[in-house]
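Okay, structure first, notes after.
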Amino acid sequence: MHILTLDDYKKYFSGFGLRDCAVGDRVTMYFVLFQDWDDSKPKPFDEELETRLLRLCSKDEKPWLGRKLTGFGGLMSGRDGGPSAAGICVDRAGQVCRRAPTGDGFEIEQKIPGGGGQGPKRGGVRRIKQINGWLYGSGGFRSMFKRIDRNQWIEIGPLPPSAKGEVGFDDFDLFSETDIYAAGGKGDVWHYDGKAWHAVPFPSNMWIESVCCGQDGYVYIGAQSGSVFRGHGSEWKLIHKGDLSLPFKDMVWFGDRVYATNDYGLWEIKDGVVERSDAPIEITNCSGNLSVGDGVMLLAGHYGAALHDGTGWTRLFSIAELEYQAKQTT
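Convert by adding 3 to the 1-based position in the sequence shown; the result is the number in the working numbering.
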């Protein structure tokens, strides 16, 4: 499948890098692109560069739809399946951009309330995820929140005690709304039982990057260098000592296992064993970000995107190949 034509590549992707992705449904995907910069000069602030929010709907005659954004930093892609279901993006400062309820456009919503140590968003937003049809987010100073409707966010709490320094929440996941795990910083792991947050006795002070609640009943925590812990409650075990320069950015459960990715590749975790994926290289070249929804898993990164439908992989597009073709036509 080659759903991205050379003309669409030039219009939407040329001069930009793919930063994040999210599944809308089986035929709709969302991508966040970030403007390239001259690396011979100091890197500008994110807010000074252009960000693009793209929607891909494979069943449409014109599958690509885009919105240019400025003044956004570290934009993350997601989808809200609540009363105002739509593709939605949030940046580190809590600015919100969503697909308009009518027409083909996007609209800017009110910022997620909070900041300065006050909830629901105490600090910068660090992760958003759609789980069971709702959009959740986590952020600095141990904050976690949920979107319940347009311009309406509530804290998952009462929130745990705030703290400065090497603490979370950089990521989170849940088995249910009475069984939530959130973590970040140096071994800062917490559990929410539906009434209160409780500190988890975690056996390491490694930097934590990612969290995944597996359908096998275990919680998987991705730490520095690609190390992985598995456990639940007060029992945890290091199942993989990593030696990578990057941690796993995303960890998701799909099918019968955990998938983990960073810019260097794709890994699979099954029965406590962490191994590089044996997916074809044209698939693993798309590594960088993972999203799951509606029975499919989306993998997307600097070099392209691929989709797993539960039976096998399909490459959606190759940015590297299209970039080469574009250079041949100029």
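Every residue, glycine too, gets a C-beta built ideally from N, C-alpha and C.
Only a predicted model underlies this, so the values are computations on that prediction, with no experimental measurement involved.
Check	Outcome
Return the chain-ordered list of same chain residues with a C-beta closer than 6 Å to the C-beta of G136, the five sequence neighbours on each side being excluded.	G84
Alpha carbon to alpha carbon, how far is G168 from H305? Give it in angstroms, no decimals.	31 Å
Apart from the five residues on each side of it in sequence, which residues of its chain come closer than 7 Å, Cβ to Cβ, to P66?	I6, L59 and C60
Let me know the secondary structure DSSP gives E271 once reduced to three states.	strand
Counting Cβ pairs, one atom from each stretch, are 3 or more of them under 8 Å apart for the segment 194 to 205 and the segment 169 to 183?	yes
Enumerate in chain order the residues of its own chain whose CB-to-CB distance from G2 is below 8 Å, with the five nearest sequence positions on each side excluded.	The question about residue 2 has no answer here: the residues shown for the chain are numbered 4 through 333.
By how many angstroms is the C-alpha of E110 removed from the C-alpha of A103?	6 Å
Provide the residue span of the alpha helix (DSSP H) that contains L325, from first to last.	I322 to Q331
Quick check: what's the CA-CA separation for K120 versus L78?	Looking at the sequence itself, residue 120 is Gly, so the reference to Lys does not match. Cα to Cα, the separation comes out at about 21 Å.
Use the C-beta contact count for V276: other C-beta atoms within 10 angstroms, 16 or more gives buried, fewer gives exposed.	exposed
Mind checking whether L301 and D253 have CB atoms under 8 Å apart?	no
Using only alpha-carbon positions, find the residue among V231, F251 and E238 that is nearest to K244.	V231
For T287, is the classification buried or exposed, using 16 other Cβ atoms within 10 angstroms of its Cβ as the cut-off for buried?	buried
Mapping the DSSP letters down to three states, classify Q38 as helix, strand or coil.	strand
Going by the CB atoms, is the gap between E285 and R318 shorter than 8 Å?	yes
Do you know offhand how far I322's Cα is from P45's?	26 Å
To the nearest angstrom, how far is it from the Cα of K189 to the Cα of L247?	18 Å
In the DSSP assignment, find the unbroken beta strand (DSSP E) run with I115 in it and report its ends.	Run containing I115: none; DSSP gives neither H nor E here.
Among V203, A282, S43 and E212, which one has its Cα closest to the Cα of G315?	A282
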